[in-house]
Amino acid sequence: MKKLFIYAMLFCGMALFSQTLSAQKFGYLNSQALLAEMPEVQQARTNLETFQKQLQKRGEGMLVDLQNKYKDVQQRVERGELSPKQQETEVQKIKVQETEIGKFEQDMIRQIQEKEATLLQPILDRVNTAIKSVAEENGYQFIFDAGTQVLLFADETSDVSSMVKSKLGI
Numbered sequence: 017m018k019k020l021f022i023y024a025m026l027f028c029g030m031a032l033f034s035q036t037l038s039a040q041k042f043g044y045l046n047s048q049a050l051l052a053e054m055p056e057v058q059q060a061r062t063n064l065e066t067f068q069k070q071l072q073k074r075g076e077g078m079l080v081d082l083q084n085k086y087k088d089v090q091q092r093v094e095r096g097e098l099s100p101k102q103q104e105t106e107v108q109k110i111k112v113q114e115t116e117i118g119k120f121e122q123d124m125i126r127q128i129q130e131k132e133a134t135l136l137q138p139i140l141d142r143v144n145t146a147i148k149s150v151a152e153e154n155g156y157q158f159i160f161d162a163g164t165q166v167l168l169f170a171d172e173t174s175d176v177s178s179m180v181k182s183k184l185g186i
């Protein structure tokens, strides 16, 4: 009798557990493909490229200035216009300028990364809001990103991309 009661409880527990699992709803989308279709992302990329070209132009100007200074010092040395002490001073100035260019390159990379984050974050927030809204409206407990290659199998009927695009107006 005790065993029968235990088996009945186990059976009820398993039935409830399987019902809970079957009640969960999963969906997926490819976030990279979704972002590629958004005009805002394309505009942000264009703005970022423009910003990057401006910084590169400035850096190239710094390099040209350094090269000209180096050539000038080299010519002055060949003509015998600089004493050894003056040569040493000029070499130190060139080294300082090289260091400044190196710092500028590092700062340029940081600025580009910050600009990219500034441009893309509002877009990503909007996409995440749309995904959350689709999940809540359609009863999805989980929505996976098929673009991360973590998803091993998905039924195409679980693809929520079109609903998210609809929320985003694309």
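Residues in the sequence shown are numbered consecutively from 17, following our numbering. All residues carry an ideal CB built from backbone N, CA and C; glycine is no exception.
Terminal residues of the alpha helix (DSSP H) in which residue i lies
| i | result |
| --- | --- |
| Asp88 | 55–94 |
| Lys41 | Per DSSP, Lys41 belongs to no alpha helix (DSSP H) and is neither H nor E. |
| Ser174 | From DSSP, Ser174 is part of no alpha helix (DSSP H); its letter is neither H nor E. |
Residues near residue i by beta carbon distance below 8 Å, same chain, minus five either side
| i | result |
| --- | --- |
| Lys18 | The predicted model places Lys18 with a pLDDT of 49, which falls under 50 and marks its position as unreliable; any figure quoted below should be read in that light. The answer is none, since no qualifying residue turns up. |
| Gly155 | Lys41 |
| Leu82 | Ile110, Gln113, Glu114, Ile117 |
Pair within 8 Å by beta-carbon distance, residue i and residue j
| i | j | result |
| --- | --- | --- |
| Val180 | Leu50 | yes |
| Phe42 | Gly75 | no |
| Leu135 | Leu79 | no |
| Gly8 | Gln48 | The first residue shown for the chain is 17 and the last is 186, placing residue 8 beyond what the model contains. |
Boundaries of the beta strand (DSSP E) in which residue i is found, first to last residue
| i | result |
| --- | --- |
| Asp161 | 158–161 |
| Leu98 | Unbroken run through Leu98: none, as it is neither H nor E. |
Same chain only: Cβ atoms within 7 Å of residue i, ignoring 5 sequence neighbours per side
| i | result |
| --- | --- |
| Ser177 | Leu45, Asn46, Leu50 |
| Met124 | Leu71, Gly75 |
| Val93 | Gln103 |
| Lys131 | Leu64, Phe67 |
Subject >> Contiguous beta strand (DSSP E) assignments of at least 3 residues, all confined to the stretch 104–165 >> reply: As far as the stretch 104–165 is concerned, its whole beta strand (DSSP E) runs of at least 3 residues are 158–161.
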